[in-house]
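What follows is one structure encoded as C-alpha cells, with my remarks underneath.
Residue numbers (this note's numbering): 1 to 332.
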C-alpha cells in the first residue's frame, strides 16, 4: 500500500516572528534603511503633490473648461501649485515676520528701497508702453475686444500680461519691507487682500483670457504704478520731498482707475463681443470690493482727520502715501 502523502503544512518552515521583527528594526536604524525611508517619505510627498495638482486642474477645468493653448508651457502657468505656494509663503512670512521683528530694531533699507522702486517703475513703464503699442497696432477696440480677433498681436498682448502677472509676486516685497521696517500699521487688510488676490486672479486670467478685453485694467494700472513707484523712489531723497505735494492725488487716481475699469467691464456686458461673461461679472465684483475698501480708506485718511493734523496713513495699496514704509509729515 502506498504511503499517504504528507500534509502540505508539514513541509512549511516554522515562522520566526521574533527574527523578522529584529530584522525590520535593524533595517530602520541601518544607514541604508535611513536612506530608504527618506526616499519613501519623499516619494509619498511627491504623490500627494501630484494628487493635489491633478485635483486642482480638474477643479479649474470644471469651473472654466479648457485653458488657452497659446500660453501652454509658460513659466508658472501650467500648474496652480507654484502660485498657491508663493501666496501661502507670502502670508506666512508677513505673519511670522511681524512676530519675529516685534522685539528687534527696524531695518532702514533706504538703498534697497531706492533700487526696488526704480526697478518696479521701469517694469511698469515697459508694460504700459508695450500694451499701448501692441493694442493700438492690432486695432483693439476700447469698448470690447474678443480673445481671438487679432492673431499674432493677441499673443504679443498675452506676453506683456504675463509680465503683469509676474509683477504681482514681485510686489509681495512691498509688504516684506513693511515687516522689516516695523511699519505694521501699514499692513492693513486692504493691503494684504489686494496683493494676495491679484497674483492668484491673474494666474487665472493668463490661463483662460490672456488677451482681448483683459488688456484694459493692466494698462491703467501700469500707468498708476509708474506714478506711484516714482513717487516712492523720489520720496527717499530728502531734497525732493518738498516737491512731492501731489501724494493725495495718487489715491484719487487709484479710485478713478477702478471706476474706469468697472465702466469698461460693464460696457462689454451690455454690448458683448464674445468675451466670457462670467469673467466680466467676476471682474466687476472684485473691482467693486476694491472701490469700497479704497473709498473707506480715503474717507478715513482725508475726510475724518482733525484740522491741522498731518497725514500719516497708508497708500490705498497699503503703502505709505509717501514711500514704502516711510510716512512723511507735512512741512510747515
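Built from N, CA and C at the ideal position, the CB exists for glycine as well.
From the options, residue whose alpha carbon lies closest to that of residue i
{"i": "residue 283", "options": "201, 157, 194", "result": "201"}
{"i": "residue 229", "options": "97, 209, 118", "result": "118"}
{"i": "residue 51", "options": "81, 75, 71, 76", "result": "81"}
{"i": "residue 121", "options": "178, 247, 225", "result": "225"}
{"i": "residue 166", "options": "94, 111, 196", "result": "196"}
{"i": "residue 147", "options": "67, 108, 87, 199", "result": "67"}
{"i": "residue 108", "options": "244, 79, 181, 277", "result": "181"}
{"i": "residue 75", "options": "194, 163, 262", "result": "163"}
{"i": "residue 173", "options": "89, 260, 149", "result": "89"}
{"i": "residue 399", "options": "246, 203, 97", "result": "The shown model of the chain, from 1 to 332, leaves out residue 399, and the question about it has no answer."}
Enclosing alpha helix (DSSP H) for residue i [first to last residue]
{"i": "residue 256", "result": "247-270"}
{"i": "residue 188", "result": "From DSSP, residue 188 is part of no alpha helix (DSSP H); its letter is neither H nor E."}
{"i": "residue 293", "result": "277-298"}
{"i": "residue 218", "result": "216-235"}
{"i": "residue 179", "result": "172-180"}
Spatial neighbours of residue i in its chain, beta-carbon cut-off 6 angstroms, leaving aside the 5 residues before and after
{"i": "residue 58", "result": "none"}
{"i": "residue 28", "result": "Residue confidence for residue 28 is low, a pLDDT of 49 falling below 50, so the modelled location carries little weight; the figure read from the coordinates is stated next. Excluding sequence neighbours, residue 28 sits near nothing in its chain."}
{"i": "residue 290", "result": "258"}
Residue i versus residue j: straight-line alpha-carbon distance, rounded
{"i": "residue 134", "j": "residue 100", "result": "46 angstroms"}
{"i": "residue 267", "j": "residue 218", "result": "17 angstroms"}
{"i": "residue 155", "j": "residue 238", "result": "43 angstroms"}
{"i": "residue 63", "j": "residue 208", "result": "11 angstroms"}
{"i": "residue 93", "j": "residue 170", "result": "14 angstroms"}
{"i": "residue 110", "j": "residue 48", "result": "43 angstroms"}
{"i": "residue 78", "j": "residue 159", "result": "15 angstroms"}
{"i": "residue 83", "j": "residue 241", "result": "37 angstroms"}
{"i": "residue 301", "j": "residue 185", "result": "13 angstroms"}
{"i": "residue 205", "j": "residue 220", "result": "17 angstroms"}
{"i": "residue 87", "j": "residue 199", "result": "8 angstroms"}
{"i": "residue 53", "j": "residue 91", "result": "21 angstroms"}
{"i": "residue 126", "j": "residue 106", "result": "33 angstroms"}
{"i": "residue 124", "j": "residue 193", "result": "21 angstroms"}
{"i": "residue 139", "j": "residue 297", "result": "38 angstroms"}
{"i": "residue 265", "j": "residue 280", "result": "6 angstroms"}
Cβ-based neighbour list, residue i, same chain, cut-off 8 angstroms, excluding 5 preceding and 5 following
{"i": "residue 144", "result": "213, 267, 268, 271, 272, 273, 275"}
{"i": "residue 294", "result": "190, 251, 254, 255, 258, 316"}
Within-9 angstroms CB hit, residue i to chain C
{"i": "residue 161", "result": "Chain labels in this structure do not include chain C; a single protein chain is all it has."}
- Message: What ranges does the alpha helix (DSSP H) occupy inside the stretch 77-163, keeping only unbroken runs of at least 4 residues that lie completely in it?
- Response: Fully enclosed alpha helix (DSSP H) runs of 4 or longer: 81-100, 110-137.
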